[in-house]
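In what follows, a structure is listed as structure tokens, so that the remarks can point back to it.
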Amino acid sequence: MSRLDSMLRRFAAQRDGLNWAAEQTADLAGDALDLGLGNGRTYDHMREVMPNRRIWVIDRVLQCHPSCTPPEADFLMGEAEPMLQKLVDNTARIIMVHYDFGFGIKEKDVAEAARLSPLIASIMLPGGMVVSGQPLVGMQQIKGPDSIAPDRYLFYRT
Ligand SMILES: C[S@@+](CC[C@H](N)C(=O)[O-])C[C@H]1O[C@@H](n2cnc3c(N)ncnc32)[C@H](O)[C@@H]1O
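In structure tokens, the structure reads:
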């Protein structure tokens, strides 16, 4: 598969997965969290499909498209662990997480996702959902929407 095809499938999976998780959690109270602002594409989509939720965002840098800049109070700029710890300390109530951290080096990305999993789990409300590009540990993996091939994007319930 060409890298272009692979990228298009990944973007479609992100969009379909976020739409599905937003629907699944629509009746539950709580905030959302986007891990990895990057260009701001997924943050922009999350705010479109969850217009009434507060959406926290963590990234070590602010380098998104200007139209996708999160409100200052919702953007935690820094390394993942201390920023997640801030949410723990502030007793954040998170119902939906999108995990999109990564360097593009599979072993490093998988190891980081495993290391961050307990912190992510600790801020989640019961019945919450994590939509992830990397495998997480210690959470119940569930089947996502039929349009997404198994293992292309991953889904967890807390
Ligand atoms: C793949 S990009 C995110 C793309 C974004 N979701 C979008 O749709 O544009 C990954 C982002 O995660 C951030 N990142 C990766 N590892 C991180 C870490 N350990 N702590 C904080 N930010 C991290 C990078 O700076 C980068 O902006």
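According to the numbering used here, the stretch in the sequence shown is residues 36 to 193, in order.
Just so you know, even glycine gets a beta-carbon here, dropped at the ideal spot from N, CA and C.
Nearest-angstrom beta carbon gap, residue j and residue i [assumed within contact, 8 Å]
| i | j | result |
| --- | --- | --- |
| Leu122 | Val92 | 11 Å between Cβ atoms; not a contact. |
| Thr77 | Asp66 | Going by Cβ atoms, the distance from Thr77 to Asp66 rounds to 16 Å, so no, they are not a contact pair. |
| Ala148 | Gln169 | 4 Å |
| Val96 | Leu53 | That belief does not hold up - the Cβ atoms of Val96 and Leu53 are roughly 22 Å apart, past 8 Å. |
| Cys103 | Gly75 | 3 Å |
Any non-hydrogen atom of ligand 1 closer than 7 Å to residue i Cβ
| i | result |
| --- | --- |
| Glu147 | yes |
| Glu114 | yes |
| Thr104 | no |
| Asn74 | yes |
| Gly93 | Checking the sequence shown, residue 93 turns out to be Ile, not Gly. Yes, Cβ of Ile93 sits closer than 7 Å to a heavy atom of ligand 1. |
| Gly207 | Lying before the first or after the last residue shown, residue 207 is absent from the chain, which here runs from 36 to 193. |
Alpha-carbon to alpha-carbon, residue j and residue i
| i | j | result |
| --- | --- | --- |
| Arg82 | Ile90 | 7 Å |
| Met159 | Leu171 | 14 Å |
| Ala115 | Ala156 | 14 Å |
| Phe46 | Asp124 | 33 Å |
Alpha helix (DSSP H) segment containing residue i, residue limits
| i | result |
| --- | --- |
| Leu154 | Lys141 to Ile158 |
| Val123 | Ala115 to Asp124 |
| Leu53 | Arg38 to Gln59 |
Run of the beta strand (DSSP E) containing residue i, from where it starts to where it stops
| i | result |
| --- | --- |
| His133 | Ile129 to Tyr134 |
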